[in-house]
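Order-wise, the sequence lines are chains A and B. Every position in the first sequence, counted from 1, becomes a number in our numbering once 208 is added. Every position in the second sequence, counted from 1, becomes a number in our numbering once 24 is added. Take a look at the structure set out below.
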Amino acid sequence: MNSTTTTTQIAYPLIGVAILFAIWGAYCWLFSVPEVVLPSPGQVAVAFFDSFGVLMREGWVTLVETVLGFALAMAVGLPLAVAIANSRPLNLMFYPLLVALQSVPKVALAPIVLVWLGTGLESKLAIVWLVAFFPIIIDTAAGLRSTPRELIQLAHSLKASPWQIFYKVQFPAALPFVLTGAKVAITLAVIGAVIGEFMGSSSGLGYLLLSATSQLNTPLAFAALFALSFLGLGVYAVVELVEIAIARWLPPRATGH
Amino acid sequence: MGFVEITNVRKVFGGKEKEVVALDEASLTFDEGEFVALIGPSGCGKTTLLTIVAGLASKTSGSVKVGGKEVTGPYPDYGFVFQQPSLMPWRSVLQNVLFPMEILGRNDAQAKARAEQLLEMTGLHAFANARPHELSGGMQQRVSLCRALIHKPKLLLMDEPFGALDEFTRLDMNDLLLKIKAETGASVLFVTHSISEAVYLSDKVVVFTRRPARVSAEFQIDIPAPRTQACRFTPEFIEAERRASEALGLLVGTH
Numbered sequence: 209m210n211s212t213t214t215t216t217q218i219a220y221p222l223i224g225v226a227i228l229f230a231i232w233g234a235y236c237w238l239f240s241v242p243e244v245v246l247p248s249p250g251q252v253a254v255a256f257f258d259s260f261g262v263l264m265r266e267g268w269v270t271l272v273e274t275v276l277g278f279a280l281a282m283a284v285g286l287p288l289a290v291a292i293a294n295s296r297p298l299n300l301m302f303y304p305l306l307v308a309l310q311s312v313p314k315v316a317l318a319p320i321v322l323v324w325l326g327t328g329l330e331s332k333l334a335i336v337w338l339v340a341f342f343p344i345i346i347d348t349a350a351g352l353r354s355t356p357r358e359l360i361q362l363a364h365s366l367k368a369s370p371w372q373i374f375y376k377v378q379f380p381a382a383l384p385f386v387l388t389g390a391k392v393a394i395t396l397a398v399i400g401a402v403i404g405e406f407m408g409s410s411s412g413l414g415y416l417l418l419s420a421t422s423q424l425n426t427p428l429a430f431a432a433l434f435a436l437s438f439l440g441l442g443v444y445a446v447v448e449l450v451e452i453a454i455a456r457w458l459p460p461r462a463t464g465h
Numbered sequence: 025m026g027f028v029e030i031t032n033v034r035k036v037f038g039g040k041e042k043e044v045v046a047l048d049e050a051s052l053t054f055d056e057g058e059f060v061a062l063i064g065p066s067g068c069g070k071t072t073l074l075t076i077v078a079g080l081a082s083k084t085s086g087s088v089k090v091g092g093k094e095v096t097g098p099y100p101d102y103g104f105v106f107q108q109p110s111l112m113p114w115r116s117v118l119q120n121v122l123f124p125m126e127i128l129g130r131n132d133a134q135a136k137a138r139a140e141q142l143l144e145m146t147g148l149h150a151f152a153n154a155r156p157h158e159l160s161g162g163m164q165q166r167v168s169l170c171r172a173l174i175h176k177p178k179l180l181l182m183d184e185p186f187g188a189l190d191e192f193t194r195l196d197m198n199d200l201l202l203k204i205k206a207e208t209g210a211s212v213l214f215v216t217h218s219i220s221e222a223v224y225l226s227d228k229v230v231v232f233t234r235r236p237a238r239v240s241a242e243f244q245i246d247i248p249a250p251r252t253q254a255c256r257f258t259p260e261f262i263e264a265e266r267r268a269s270e271a272l273g274l275l276v277g278t279h
């Protein structure tokens, strides 16, 4: 990639954002929209910097919920995917169930989780886990099962142990799929954390957003919304960076689907 | 007593209702250092026989002995080359070649020296640290060949290894394979679709038919070594091709 295209790739999206903000600002100004209905970009920026400390504090709570819940989803999802991909009985028993469960709207489970686990960190982690878990297990299982048959045969011909086949052949082959799942999961994890905070919480950006709107402090609600977006982008970028680091030693066609 | 003895091997797929005979009463014997080509139409059971000899597939009945020992499962005395290079994209060329030694627990300095020697022999020494996707199809298949040879197997099992290559690369690979065979003294069991490739490479050509899936003919190729591309235009070569074509039933109905 040469420098001209790099500049273009950064400049054009920024121009797009600038246009959107300009339309938003012009709309507020032309129609004298009250701040409580839709604050102008300037008012949101002021609220953002005035409440920067609060946003950071509540953002940290949401970040911890997101990252821990995601880590938990990875920790449970990966071994389960391995079990399902390698055992035909387990696959038959649980794969259809998993796919069916994936169609259950996880938001609907949030109130029940709250009843079980209370309003603390535990219920947030459980909700994040619930929404982030499925893409990880489904994509990882798909990746493990897509390992080229010849590579498995080669390993068998050398009398490789099941563990050797797993960590020298299957897992590296599945890694691009795992990362595709992780990218979807980390985005969902942020949503999960906010759902949890909406349902019952006394901290976090979701809670801040709710309390700001209930006090008709719309600029602060918007500031919280932006903070959430930055948080989401940040955690996604981290996963993306891991993928880029790994993609360097993989051919283009083998990175995910 | 041959090095490889295949006696009345039969392979049936499916249950009682729908039996599919993939291979019927195949018998074949060859000695150490011999090059044997299995040729026939798709679905005639030659690949099935190869995987049975490799211990990667089970047989319904019959016996396969390699070096006097009955084959009951995989054994590391052979190298396998697939139709596709089947390299690991996350490993360098050298690491791919050393993969069998890692599994066999013999990945030492000696193994590395041998890997480098093999890469040298196949003209790949400059690419030892390259990734597979940076190489052409023919080069990838040479890496795959090095990987099959790294643990000094006495037997090479090759499943249409050059079928996906273009004609020029294929001719190059044929000569390389003859050179490797001369240097290592390994026996080769080679599945192919190409009559001229089978004749050019082999000491013995075994012809399979589809229905029933069985060995229909077997004959020696008496073109002396070293063979060069010029051999393809000798009367002996053309006669051998004619015999193979006849055994394959390709000459029936021609005027």
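Each residue gets a CB set at the ideal place from its N, CA and C atoms; glycine is no exception.
Practice prompt. Please list the partners that L30 of chain B has in chain A, where partner means a Cβ-to-Cβ separation under 8 Å.
Written response: Sequence check: residue 30 of chain B is Ile here, not Leu. The premise fails here: I30 of chain B is roughly 18 Å from chain A at the closest Cβ pair, so nothing lies under 8 Å.
Worksheet entry | Beta-carbon proximity check, A230 of chain A vs P427 of chain A, cutoff 8 Å | no
Worksheet item: Can you list, in chain order, the residues of its chain whose CB lies under 8 Å from that of G39 of chain B, leaving out five sequence neighbours each side?
Response: none
Worksheet item: Under 8 Å, do V121 of chain B and R166 of chain B count as touching if we go by C-beta distance?
Response: no
Item to complete: Enumerate in chain order the residues of its own chain whose CB-to-CB distance from D347 of chain A is below 7 Å, with the five nearest sequence positions on each side excluded.
Response: F385, V386, T388, G389
Practice prompt. Using a Cβ-Cβ cut-off of 8 Å, state whether A222 of chain B counts as contacting chain A.
Written response: no
Fill in: Within chain A, the residues that S82 of chain B reaches when beta carbons sit closer than 9 Å
Ordered by position in chain A, no residue passes the 9 Å Cβ test against S82 of chain B, which lies about 13 Å from the chain.
Discussion item. For F341 of chain A, which residues in the same chain have their Cβ closer than 8 Å to its Cβ, ignoring the five residues on either side in sequence?
Written reply: A281, V284, G285, A393
Worksheet entry | Element boundaries [alpha helix (DSSP H), containing Y303 of chain A] | 296-310
Fill in: CA-to-CA distance, G69 of chain B to R238 of chain B, given in whole angstroms
7 Å
Discussion item. To the nearest angstrom, how far is the alpha carbon of G92 of chain B from that of F278 of chain A?
Written reply: 56 Å
Worksheet item: Using a C-beta cutoff of 8 Å, does F27 of chain B count as contacting chain A?
Response: no
Worksheet entry | Residues in the stretch 351-383 of chain A having any Cβ partner in chain B nearer than 8 Å | P356, E358, L359, Q361, L362, A363, H364, S365, L366, K367, A368, Q372, K376, V377, P380, A381, L383
Worksheet item: So, M125 of chain B versus P380 of chain A, is the Cβ gap smaller than 8 Å?
Response: no
Worksheet item: Cα-Cα, which of B:G209, B:L225, B:H175 is closest to L195 of chain B?
Response: B:L225
Worksheet item: G103 of chain B: which of B:V95, B:K35, B:S211, B:G86 sits nearest, CA to CA?
Response: B:S211
Discussion item. For F214 of chain B, report the span of its beta strand (DSSP E) as first-last.
Written reply: 211-216
Discussion item. For chain A, check one thing: does any of its Cβ atoms lie closer than 8 Å to the Cβ of M112 of chain B?
Written reply: yes
Practice prompt. Go through its chain and collect everything with a Cβ distance to P100 of chain B's Cβ below 8 Å, but skip five positions before and after it.
Written response: P124, L128, H175, P177
Worksheet entry | Endpoints, the alpha helix (DSSP H) within which S259 of chain A is located | No alpha helix (DSSP H) contains S259 of chain A, which DSSP labels as neither H nor E.
Worksheet item: Below 8 Å between beta carbons: does that hold for L80 of chain B and P109 of chain B?
Response: no
Discussion item. For A368 of chain A and F106 of chain B, what's the separation of their Cα atoms in angstroms?
Written reply: 18 Å
Discussion item. Just to make sure I have the definition right: I need the residues of chain A whose C-beta is within less than 7 Å of the C-beta of L128 of chain B. Which are they?
Written reply: L366
Worksheet item: Between A:T215, A:F406, A:A308, A:A382, which lies nearest to N294 of chain A when the distance is taken from Cα to Cα?
Response: A:A382
Item to complete: Could you work out which residues of chain A lie near P98 of chain B, taking near to mean beta carbons separated by less than 8 Å?
Response: H364, S365, L366, K367
Worksheet item: By Cβ distance, which residues of its chain are closer than 7 Å to A188 of chain B, with the 5 residues on each side in sequence left out?
Response: Q107, Q108, G161
Worksheet item: For S437 of chain A, is the classification buried or exposed, using 16 other Cβ atoms within 10 angstroms of its Cβ as the cut-off for buried?
Response: exposed
Worksheet entry | Coil, strand or helix - E265 of chain B by DSSP | helix
Worksheet entry | Spatial distance of Q253 of chain B from G209 of chain B (CA atoms) | 21 Å
Worksheet item: Quick one: is H279 of chain B near chain A, going by C-beta distance under 8 Å?
Response: Only weak support is given to the placement of H279 of chain B: the predicted model assigns it a pLDDT of 49, under 50, and the question is left unresolved by the model.
Worksheet item: What did DSSP end up calling A61 of chain B once you bin it into helix, strand or coil?
Response: strand
Worksheet entry | Three-way DSSP call (helix, strand, coil) for I174 of chain B in this model | coil
Worksheet entry | C-alpha gap between T53 of chain B and R266 of chain B, whole angstroms | 23 Å
Practice prompt. Give the single residue among A:L317, A:I373, A:Q378 whose Cα lies nearest to the Cα of I403 of chain A.
Written response: A:L317
Item to complete: List the residues of chain A whose Cβ lies closer than 9 Å to the Cβ of Q108 of chain B, in chain order.
Response: P356, E358
Discussion item. Applying the 10 Å Cβ sphere with the 16-neighbour rule, what's the burial state of Y415 of chain A?
Written reply: buried
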